Structure formats: C-alpha cells, structure tokens
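Residue numbers (the working numbering): 4 to 189. Where is the CB? At the ideal position from N, CA and C, for every residue including glycine. Given the structure is predicted, the values throughout are model-derived calculations rather than measurements.
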C-alpha cells in the first residue's frame, strides 16, 4: 500500500509539473485539479509552504485572493451591511485583478473564502434562496434573517424615505405559517 501511495504521489507531482501553466491560468482546469486532489486526500491549499506552493504557487494564489476579497468586503460593507452577492464579489475581484495573468472563477473565490475561516466566524458563504451571499460580519443569520433576505431579493420590500426624522426605513410583509394561525384558535 505504501508503495502504491508513493507511486501515486510521484505521478501526481509529475502531472502537476507538466500542467503547471494550465493549473495557474485556467480556472476550470484548476478546479478539476483541486477536485482530483481532494478525492485522494491531497490538499494543495493546506499551506503556502512546501511542495505544492513551490511547484504551483497555488497557496500564494488563494491567499492573495483572500486578502483581496477581505479588502473588497470591507470597502463595500458601508453599502451592503456586510452581505455581498458572490457574483458581484467575483466581478469586483476580476476588475481589481484585470492586469493579472491568472483568471479567477467563482470556484476560486469560494476556495479563497473557505481559507478565510481561520480568521474566525467573520467570513462565510450563505445561501439565500437561489443566490449565494458572502457574509463578512461576525453575526450568525437565523431563519428569520434568511426569510427577510429572500423576500427582499424577490422585491417584496418597501423603502420608506418619508419618515419625519429623515431616517430610511425598510418594510417587509409578514411571514407567517397558516398552521400557526389555525392552531391558535383551538
């Protein structure tokens, strides 16, 4: 078994050397390479030191993306409250990196965000309806928060700028289960 693992590791390293440029420059190929590595228990992102980092620079690539993602999330937080659509984040990241040689995919963004978990519970991807949002504030969102966000993204929210104190207010329709109402009568 040890001999088979050593042979496989050697072949994986040869493959990585041979396809180094494709792994670095092609997001789809990079994603497939990561999936292949994950299936056999190899994590080329585990460290930015060691064989994989030296050969491919993969660790550095994702750590660099992570830093840029943090910058974008902090810069947009006053506008979005710490929740940014994953596609919007990826687009902002691509614009920021437009002069870089490596293309960036949504999968790359997700991998970089997963590496940010070492910073604590401030960065994670959450699903709201059919959208993926990146949360960059250290607050857990409960079921009520998610329902309100789903309603808001469907356009079922009103903005009230007409309050006498000048503060913008948001109004959402009531979300209630009919069984709760029926059960209250008995």
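- Secondary structure at residue 111: helix, using DSSP grouped into helix, strand and coil.
- The beta carbon of residue 96 lies closer than 8 Å to those of 68, 71, 72, 75, 107, 112 in the same chain, with the five residues before and after it left out.
- It is roughly 40 Å from the alpha-carbon of residue 83 to the alpha-carbon of residue 19.
- Exclusion of the five residues before and after residue 93 leaves 109, 112 as the residues of its chain whose Cβ lies within less than 6 Å of its Cβ.
- Assignment of residue 139 by DSSP, reduced to helix, strand and coil, places it in the coil class.
- Residue burial is scored here from C-beta neighbours: residue 31 has fewer than 16 other C-beta atoms within 10 angstroms and is therefore classed as exposed.
- 135 is the residue among 118, 135, 102, 80 whose C-alpha sits nearest the C-alpha of residue 88.
- For residue 141, the closest alpha carbon among the candidates 147, 161, 86 is that of 86.
- In this structure, residue 26 lies away from residue 11, with their beta-carbon atoms at least 8 Å apart.
- By the criterion of a C-beta distance shorter than 7 Å, residue 164 is surrounded in its chain by 171, once the five residues flanking it on both sides are discounted.
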